[in-house]
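K.L.:
Numbers 57 to 172, taken from the numbering used here, label the letters of the sequence shown in order.
Virtual Cβ for every residue (Gly too), placed ideally from N, Cα, C.
All values derive from a computational prediction rather than experimental measurement.
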Amino acid sequence: MKNNKGQALVEFVIIMPIFIFIVLAMFDLGNIIIKKYELENNLDTIVNMYEENKNEEVEFYVKTIDSKVKYDVGDTYNVITLSKKVNVITPIVGKALGKSYEISAKRTVMINEKNE
57 MKNNKGQALV
67 EFVIIMPIFI
77 FIVLAMFDLG
87 NIIIKKYELE
97 NNLDTIVNMY
107 EENKNEEVEF
117 YVKTIDSKVK
127 YDVGDTYNVI
137 TLSKKVNVIT
147 PIVGKALGKS
157 YEISAKRTVM
167 INEKNE
């Protein structure tokens, strides 16, 4: 009868770091997805304020959520882009993506009399 305990230990030692990396990467990916969802919701709020011509409130709101807003002005449409940096927690994923990962969301708004 053979003793397979040594074989199981070697398999465990080989597989465990890969498993830990996958679990930690899932945490970072989940954090990025949640922050992207929050950014999309914040952009909806900003677009509503922009359409109501509340520019000072937009600037204050952007500062409170620690994000950056950019306006691309066109002839008939404006594009509003909201961006934010998300810190990456795990060191291995941080080497692949960098210490922080920038997410952004865009909305196109039709120009009307109130926004001019």
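On the DSSP bridge list, what partners appear for V135?
P.N.:
Within the sequence shown, residue 135 is the residue found at index 79, counting from 1. In the DSSP output, where bridge partners are listed per residue, V135 has D128 and T164.
K.L.:
Figure out for me which residue from K162, V149, K155 and I121 has the closest Cα to the Cα of F77.
P.N.:
Sequence index remark: in the sequence shown, residue 77 carries index 21 (1-based). The candidate whose alpha carbon is nearest that of F77 is V149.
K.L.:
Would you mind stating whether I134 and I102 have Cβ atoms separated by less than 8 Å?
P.N.:
Here residue 134 is taken as the residue at index 78 of the sequence shown, counted from 1. Here residue 102 is taken as the residue at index 46 of the sequence shown, counted from 1. For the sequence presented, residue 134 should be read as Asn rather than Ile. For N134 and I102, no; Cβs fall outside 8 Å.
K.L.:
Alpha carbon to alpha carbon, what distance is there between D131 and L80?
P.N.:
Residue mapping note: residue 80 aligns to position 24 of the sequence shown, counting from 1. Residue mapping note: residue 131 aligns to position 75 of the sequence shown, counting from 1. The straight-line gap from Cα to Cα measures roughly 46 Å.
K.L.:
Assuming E94 is part of the alpha helix (DSSP H), what are its boundary residues?
P.N.:
Along the sequence shown, one-based indexing puts residue 94 at 38. Looking at the DSSP string, the run of the alpha helix (DSSP H) that includes E94 is K61 to E107.
K.L.:
What residue range is occupied by the uninterrupted alpha helix (DSSP H) comprising T120?
P.N.:
For the purposes of this step, residue 120 is taken as the residue at position 64 of the sequence shown. Counting along the chain, the alpha helix (DSSP H) containing T120 begins and ends at N111 to T120.
K.L.:
Can you name the start and end residues of the alpha helix (DSSP H) that G150 belongs to?
P.N.:
Within the sequence shown, the letter at position 94 stands for residue 150. It spans P147 to L153 - the alpha helix (DSSP H) in which G150 sits, taken as one unbroken run.
K.L.:
Please state whether DSSP places V144 in a helix, a strand or coil.
P.N.:
One-based indexing of the sequence shown puts residue 144 at position 88. V144 falls in the coil class under three-state DSSP.
K.L.:
Taking C-beta to C-beta, are K151 and N143 nearer than 8 Å?
P.N.:
Residue mapping note: residue 151 aligns to position 95 of the sequence shown, counting from 1. Residue mapping note: residue 143 aligns to position 87 of the sequence shown, counting from 1. Cβ atoms of K151 and N143: not closer than 8 Å.
K.L.:
Restricting to Cα atoms, I'd like to know which of T164, L99, L153 and Q63 is closest to D84.
P.N.:
The sequence position of residue 84 within the sequence shown is 28, counting from 1. Selected option, being the one with the closest Cα: L153.
K.L.:
Is S123 helix, strand or coil by DSSP?
P.N.:
Numbered from 1 along the sequence shown, position 67 holds the residue referred to as residue 123. DSSP places S123 in coil when its eight states are reduced to three.
K.L.:
Would you report the Cα separation of E67 and N87, rounded to the nearest angstrom?
P.N.:
Your numbering for residue 67 matches position 11 in the sequence shown. Your numbering for residue 87 matches position 31 in the sequence shown. C-alpha separation (whole angstroms): 31 Å.
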